[in-house]
Amino acid sequence: MNNVLTNVPSELPPGAVMIPDFVSSRRESELLCWIDDQRWRDDLRRRVQHYGWAYDYRARHVSTDAYIGPLPAELRAECNTLCSTGLFDEEPSQIIVNDYQPGQGITPHIDCVPCFGPVIASLSLGSQCEIVFTKKGNSAKVSWLLEPRSLLVLAGTARFEWLHGIPARKSDPVSGTRKPRKRRVSLTYRTMQFE
Ligand SMILES: O=C(O)CCC(=O)C(=O)O
């Protein structure tokens with residue numbers, strides 16, 4: 259497999275899978291349109307929407323009383339697919355929508371281990387952007403280009419032993435040149451796992 263950022267053969271961290279064209283362009287527009295009609299939370303630099311369970315960014319945790327309600331019907335199709343294809347053992351019960359303007363990113367992190375289940379998946383809509391994986395306690399680094407409409411699935415080592423983050427910048431290196439970022443919206447699907 260070639261890393262499209264550098265054209266150098268490389269591998270995603272073990273347990274990570276990239277599924278191109280997980281949704282059609284039509285579905286991408288439909289999702290963006292619905293999402294933009296909903297209320298955004300602006301407690302971070304980037305705008306977010308939480309569904310199912312609210313995440314507390316300060317505590318980096320979801321508490322057992324943070325249930326918001328069932329996932330909206332408009333977002334359920336991809337949840338069904340995640341389950342019916344066997345990527346998830348059960349349907350996700352939480353979705354966080356992130357809205358990244360060019361120049362915005364997300365700090366390298368491992369998704370909360372006591373709160374979330376063993377598989378996390380992120381759907382990219384809008385712009386491409388680079389994601390960087392860094393091995394915990396080690397200098398290993400893997401960069402990957404997230405293409406619009408692709409799904410990144412993190413399980414196993416990639417979920418628990420690699421941090422993932424999106425550098426806050428306005429362009430990404432693509433095949434030897436820099437490609438400007440546009441607005442990117444991601445939907446991250448998770449199951450809940452309380453201790
Ligand atoms: O935007 C993405 O693809 C990643 C989102 C993410 O890592 C998160 O919400 O924890």
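Taking the numbering used here, the leading residue of the sequence shown gets 259, the next gets one more, and so forth.
The C-beta atom is built at its ideal place from N, Cα and C for all residues, glycine as well.
- Secondary-structure assignment with DSSP links Thr-435 through a beta bridge to Val-432.
- According to DSSP, residue pairing for Asp-314 in a beta bridge involves His-319.
- Taken from the Cβ of His-308, every heavy atom of ligand 1 lies 7 Å or farther away.
- Looking at the DSSP output, Ser-444 shares a beta bridge with Asn-356 and Ser-382.
- In the structure shown, Cys-373 adopts coil according to DSSP, grouped into three states.
- The beta-carbon distance between Glu-388 and Ser-401, rounded to whole angstroms, is 6 Å. This is short enough to meet the 8 Å contact definition.
- If you compare the alpha carbons of Trp-420, Ser-321, Thr-435 and Val-411 with that of Ser-444, the shortest gap goes to Val-411.
- Using a cutoff of 7 Å, the CB of Ser-444 counts as near ligand 1, since one of the ligand's heavy atoms is closer than that.
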